[in-house]
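Just so you know, the protein sequences line up as chains A and B, in that order. What the first sequence shows, in numbering that gives the first Met the number 0, is residues 0 to 419, in sequence order. What the second sequence shows, in numbering that gives the first Met the number 0, is residues 0 to 419, in sequence order. Glycine is no exception: its CB is placed at the ideal position from the N, C-alpha and C atoms. Right, one structure below, let's go through it.
There are 2 protein chains.
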Amino acid sequence: MKKIFLSMIITCACSIAMAQEFNSATHCVLQSDRSDGKLLSTRAIVQNLLEQTPVALAFKESFTTEEFGEWQLKLRDKVKDLMKHPTIRGLPAAQKVSVAQREGYSIEKWEGYPLPNTVMTWFVLIPHSAMQQTPAVLCIPGSGQTKEALAGEDPVVPKFKQQVMPHKNNMAIHFVKEGLIAVVVDNPCTGEACDLEKIAPAYYDYETSARVLLEMGWSYLGYTSYLDLYVLNWMKNFKPIRKERIIVSGFSLGTEPLMVLGNLDPSIYAFVYNDFLCRTKERAIVLTCPDSKGYRRYPNSIRHLIPGFLNNFDFPDLVAALAPRPILFTEGGLDRDFNLIQQAYVLSGQQNHFTFYHYEKYGEPSKRSNLMSIPKGQTIESYLDLVNVDPDQHYFKAEIVIPWIKKLLAEEGMGIKVSP
Amino acid sequence: MKKIFLSMIITCACSIAMAQEFNSATHCVLQSDRSDGKLLSTRAIVQNLLEQTPVALAFKESFTTEEFGEWQLKLRDKVKDLMKHPTIRGLPAAQKVSVAQREGYSIEKWEGYPLPNTVMTWFVLIPHSAMQQTPAVLCIPGSGQTKEALAGEDPVVPKFKQQVMPHKNNMAIHFVKEGLIAVVVDNPCTGEACDLEKIAPAYYDYETSARVLLEMGWSYLGYTSYLDLYVLNWMKNFKPIRKERIIVSGFSLGTEPLMVLGNLDPSIYAFVYNDFLCRTKERAIVLTCPDSKGYRRYPNSIRHLIPGFLNNFDFPDLVAALAPRPILFTEGGLDRDFNLIQQAYVLSGQQNHFTFYHYEKYGEPSKRSNLMSIPKGQTIESYLDLVNVDPDQHYFKAEIVIPWIKKLLAEEGMGIKVSP
């Protein structure tokens, strides 16, 4: 027994010794160590290639109104290409599986069959106050979240119960309490759509399914947006919903399908984007500081990988293309990017349809960075600070979202409390 | 101190209890738990999609000679599409960096500039016996191997010195001792092409570079085969080499660029395939037994991912398309796949150009499995046994390769000892 403990202590001591030897801060930037400046390290070469990759469909502030309109159509076609949604006819109709009463609203569970041999489920929260033609929100969760977490229902996998601010993050409850119909989906691989996580794994495995999809030329986002679009189309035919007033609200990971749906479906009325606005290519370029073990990892996992995406656009471009439809950002980013999108809304004649808030910590202009480009060699912590992100305060900002939506619908004579 | 040890013991006890609860063997097959048989788990749905994915360019045993020729051209075009090699003009010429004498041969180090701002290096081992117009072998290492390991030189990263049978796995030495010129490349991310592995990480990180390449629509194999083709083309202009007698020899990971180069460049004379022959789609379909923690991982990492590859073909198809050029397999697989390739060689009129050996353990037909399809729900161990792989004996089989090459060249009046 003593021998075991001794060996544990030795192992710890060695790890500390090794950690002391490697100072990651001195290796944050990828660079050549040759006198001719050429790169020999593959990691440095591919990083350089990524930096040099042209972006075919970037939004340009110099666009005329006409060019902007043409660009939007090109961008839509390219999003469609990249998402590779299959066209399948003759699928059976969705069915209501159950209904239960909660305080002030009913919750229905539905299932649909978006692919052969496949079932997906979603919740519909209908306020007791609702009449026909009620505005509705499609709620898309973030990583690790489920439709149950967003709807305040018991979790499918109790060990994965929403731990982070559950009463702020139950997005659908906030909407239904204001008289809106809330439709809530799961992201693939989570909740009811998980594999063995119910009985064994310590976290949801998104990556293996993402990998299988990539192998057949698809992607996690392509698959997710296909399912979400299926539910969105179902919403348009769900009687209580006013199909011209469907809002898409995405939290964190859920902002990715939001951008895809927004570009593929011009009938979506408005958008709630609850995450910071990121230039993912820039993030990959500047986040080159190695971790404590010397690995210089990619900033996110392959569930975010869409081969060919960065050759065409980045998130701010996809958002700019949503103009003139109303959109709200609740968790900031760089003013540089918001100014770009602002210009798209100006071009589309609806400058007032674009609203953004920074994290409270970075609310004062003097307290936030206002960079036009981010220096290379960042750690995740330094990067987040430079793009004005306060990770501890990453939650669904009902306090911003609900007033914005109420005002938006009120302006159109569509107060969302449709009956007292 | 006591408290810490107690907490360690409690942690251990819990882990054991959890491990006992989950019996991976009872969950090896992905299946529906619904009465209608529909799948709800994303992992099961995407697995089902992969199974159903059509393969556009599979080799068919029913091909006529004419159809076979047409299919080879189509396959070549598709490989070209998927590999996405850039066309870059005006690159500077490769340069010899150093030369040293070894027993019976000289070793030159060269560097080339296959992309802007980029350098790659390779070794050329030239037997003292060589005259002009000597047959040559392009040697491509396996995972974790370097050109130094294959050439028996001191490693660039001493902690990663070839540990597994170094005197069998120094592929280039085997060739040069027989009078052939051996050209040896690194796989990207290893040896001289590594990043911080020289000072910190515990293993070569291929995956991050692969990820960066995938982000821009390329792939690790696309990039690797581009570099290897660059060196192959250099070989054709290297005076001592008889360019009509260039053999490509790949070990393990190196068999992937071998197949790509073989299909892209019809001038390659022959191939040494030192790995088992795998149907990678089948492997992904049947390897569904979860690990001890309940994760049902993909069988390999993203350095093997080429989006769209499996929609078109698999390894046996790529090999069948090499007919009638001589090829040797040294580490078996399923006779089912070898019979397929045999048929391609029959069609091409050169049945004797196709040679395969099984692992010794599976050499006797009675000792190996001869399945036409592999049942789902395998572990990696059960899978390897079913496809006749003896992982402990995975090494470069000089004892098979050298006699095969000597015979091949002798038959053409090209004994490889060009001077005594």
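In chain order, what residues of the same chain lie with their CB nearer than 7 angstroms to the CB of residue i, ignoring the 5 residues before and after it?
i: residue 131 of chain B; result: 238 and 239
i: residue 145 of chain A; result: 154, 155, 185, 189 and 190
i: residue 372 of chain A; result: none
i: residue 9 of chain A; result: Here the model assigns residue 9 of chain A a pLDDT of 36, short of 50, so the residue's position is not dependable and the matter cannot be decided.
i: residue 295 of chain B; result: 42, 287 and 289
Is the separation between the beta-carbon of residue i and that of residue j shorter than 8 angstroms?
i: residue 334 of chain A; j: residue 279 of chain A; result: no
i: residue 42 of chain A; j: residue 208 of chain B; result: yes
i: residue 251 of chain B; j: residue 141 of chain B; result: yes
i: residue 117 of chain B; j: residue 87 of chain A; result: no
i: residue 260 of chain A; j: residue 247 of chain A; result: yes
i: residue 60 of chain B; j: residue 392 of chain B; result: no
i: residue 77 of chain B; j: residue 48 of chain B; result: no
i: residue 249 of chain A; j: residue 203 of chain A; result: no
If you draw a straight line from the alpha carbon of residue i to that of residue j, how long is it in whole angstroms?
i: residue 40 of chain B; j: residue 353 of chain A; result: 38 angstroms
i: residue 407 of chain B; j: residue 303 of chain B; result: 31 angstroms
i: residue 311 of chain B; j: residue 258 of chain B; result: 14 angstroms
i: residue 344 of chain B; j: residue 350 of chain B; result: 5 angstroms
i: residue 256 of chain A; j: residue 95 of chain B; result: 52 angstroms
i: residue 24 of chain B; j: residue 364 of chain B; result: 29 angstroms
i: residue 356 of chain A; j: residue 329 of chain A; result: 5 angstroms
i: residue 347 of chain A; j: residue 276 of chain A; result: 21 angstroms
i: residue 360 of chain B; j: residue 395 of chain B; result: 16 angstroms
i: residue 198 of chain B; j: residue 122 of chain B; result: 24 angstroms
i: residue 266 of chain B; j: residue 242 of chain B; result: 8 angstroms
i: residue 316 of chain A; j: residue 369 of chain A; result: 19 angstroms
i: residue 134 of chain B; j: residue 50 of chain B; result: 43 angstroms
i: residue 180 of chain A; j: residue 129 of chain A; result: 8 angstroms
i: residue 430 of chain A; j: residue 397 of chain A; result: Residue coverage of chain A in this structure runs from 0 to 419, which leaves residue 430 of chain A outside it and unanswerable.
i: residue 22 of chain B; j: residue 195 of chain A; result: 11 angstroms
i: residue 159 of chain B; j: residue 71 of chain B; result: 40 angstroms
i: residue 58 of chain B; j: residue 337 of chain B; result: 12 angstroms
i: residue 339 of chain A; j: residue 233 of chain A; result: 34 angstroms
i: residue 269 of chain B; j: residue 64 of chain B; result: 21 angstroms
i: residue 20 of chain A; j: residue 379 of chain A; result: 22 angstroms
i: residue 210 of chain A; j: residue 98 of chain B; result: 44 angstroms
i: residue 383 of chain A; j: residue 262 of chain A; result: 27 angstroms
Can you check which of these residues, the options, is closest to residue i by C-alpha distance?
i: residue 183 of chain A; options: A:139, A:190 and A:143; result: A:139
i: residue 216 of chain B; options: B:80, B:75, B:27 and B:374; result: B:80
i: residue 298 of chain B; options: B:36, B:31, B:46 and B:34; result: B:46
i: residue 273 of chain A; options: A:106, A:390 and A:67; result: A:390
i: residue 214 of chain A; options: B:161, B:305, B:194 and B:196; result: B:305
i: residue 83 of chain A; options: A:307, A:388 and A:362; result: A:307
i: residue 381 of chain B; options: B:148, B:282 and B:187; result: B:282
i: residue 53 of chain A; options: A:340, A:362, A:367 and A:309; result: A:309
i: residue 137 of chain B; options: B:271, B:294, B:397 and B:337; result: B:271
i: residue 68 of chain B; options: B:166, B:233, B:323 and B:29; result: B:323
i: residue 35 of chain A; options: B:110, B:66 and B:63; result: B:110
i: residue 175 of chain B; options: B:166, B:124, B:165 and B:230; result: B:124
i: residue 119 of chain B; options: B:93, B:166 and B:33; result: B:93
i: residue 29 of chain A; options: A:374, A:403 and A:383; result: A:374
i: residue 403 of chain B; options: B:327, B:236, B:97 and B:115; result: B:327
Could you name the residues of the same chain whose beta carbon sits closer than 6 angstroms to that of residue i, not counting the 5 residues immediately before and after it, in chain order?
i: residue 151 of chain A; result: 169 and 172
i: residue 100 of chain B; result: none
i: residue 466 of chain A; result: Only positions 0 to 419 of chain A appear in this structure, which leaves residue 466 of chain A out of reach.
i: residue 192 of chain A; result: 185
i: residue 74 of chain A; result: 56 and 320
i: residue 148 of chain A; result: 161
Within its chain, find whatever has a CB closer than 8 angstroms to the CB of residue i; leave out the 5 residues flanking it on each side and keep chain order.
i: residue 212 of chain A; result: 218, 219, 221 and 222
i: residue 377 of chain A; result: 27, 285, 286, 287, 288 and 385
i: residue 31 of chain A; result: 37, 38, 39 and 43
i: residue 127 of chain B; result: 103, 104 and 105
Regarding residue i and the ligand PLP, is the C-beta to nearest heavy atom distance less than 7 angstroms?
i: residue 400 of chain B; result: With respect to small molecules bound, the structure shown includes none, and the ligand PLP cannot be examined in it.
Could you give the C-beta distance for residue i and residue j, rounded to a whole number, given that I count them as a contact under 8 angstroms?
i: residue 177 of chain B; j: residue 399 of chain B; result: With a Cβ gap of about 13 angstroms, residue 177 of chain B and residue 399 of chain B do not count as contacting.
i: residue 200 of chain A; j: residue 292 of chain B; result: 6 angstroms
i: residue 422 of chain B; j: residue 228 of chain B; result: The structure shown has nothing for residue 422 of chain B, since chain B only spans 0 to 419.
i: residue 358 of chain A; j: residue 388 of chain A; result: 7 angstroms
i: residue 410 of chain B; j: residue 300 of chain B; result: That belief does not hold up - the Cβ atoms of residue 410 of chain B and residue 300 of chain B are roughly 40 angstroms apart, past 8 angstroms.
Along chain D, which residues have their Cβ under 9 angstroms away from the Cβ of residue i?
i: residue 84 of chain B; result: The structure shown has no chain D; the protein chains it does contain are A and B.
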